[in-house]
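Data first, discussion second: the structure below is written as structure tokens.
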Amino acid sequence: MNDKSVRKHIKVTAKARNDLLEIGNFTESKWGRSQRNHYLKQMDEAFNLIGDSPKIGKDRSHVLAGYRSFQQGSHVIYYRESETIEIIRVLHERMDVERHIQKA
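For what it's worth, the working numbering labels the leading residue of the sequence shown as 326, then goes sequentially.
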């Protein structure tokens with residue numbers, strides 16, 4: 326939608342922060358620090374896009390009610406929207422989401 330709404334505050338859970346750390350470490354070990362920085366910057370830009378347009382992601386209510394996902398590179402960002410955007414996990418596209426996301 327083209328409304329002039331304010332970007333929602335983005336909260337990254339501890340598990341999602343750990344996911345990003347692991348993604349960064351793996352990327353740096355395979356492709357170097359520059360590629361790690363580039364990829365993590367793309368993740369940050371994706372978080373901001375989600376904050377601007379929370380409905381941009383696919384509905385993932387079959388995983389847990391209210392969950393959405395957004396593909397970024399080889400990873401999928403799982404989040405839910407309330408007053409804020411809560412980034413739940415950042416998982417590789419081949420990972421079993423139901424195994425890695427449990428009810429809080």
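Glycine included, every Cβ here is placed at the ideal spot set by N, Cα and C.
### Query
Given that a residue counts as buried once 16 or more other Cβ atoms are within 10 Å of its Cβ, and exposed if not, what is D328?
For D328, the predicted model reports a pLDDT of 49, less than 50, meaning its position is unreliable and no value from the coordinates is stated.
### Query
Is D344 closer than 7 angstroms to V388 when the C-beta atoms are compared?
In this structure, D344 does not lie closer than 7 angstroms to V388 by Cβ.
### Task
Please go through the same chain and pick out, in chain order, the residues whose beta-carbon is closer than 6 angstroms to the beta-carbon of V401, but skip the five residues on each side of it.
Cβ within range, chain order: S394, L416, E418.
### Query
Any idea if V331 is buried or exposed, counting beta-carbon neighbours within 10 angstroms, 16 or more meaning buried?
Exposed, since its Cβ has fewer than 16 Cβ neighbours within 10 Å.
### Query
Which residues in the same chain have their Cβ closer than 8 angstroms to the Cβ of I410, if we skip the five residues on either side of it in sequence?
Within the same chain, Cβ atoms closer than 8 angstroms to the Cβ of I410 are found at K333, H334, I335, K336, F372, I375, G376, P379, Y404, the five residues on either side in sequence being excluded.
### Message
In this structure, how does DSSP classify H334 when only helix, strand and coil are distinguished?
### Response
Reduced to three states, the DSSP call for H334 is coil.
### Task
State the DSSP-derived secondary structure class of E406, mapped to helix, strand or coil.
Correct three-state label for E406: strand.
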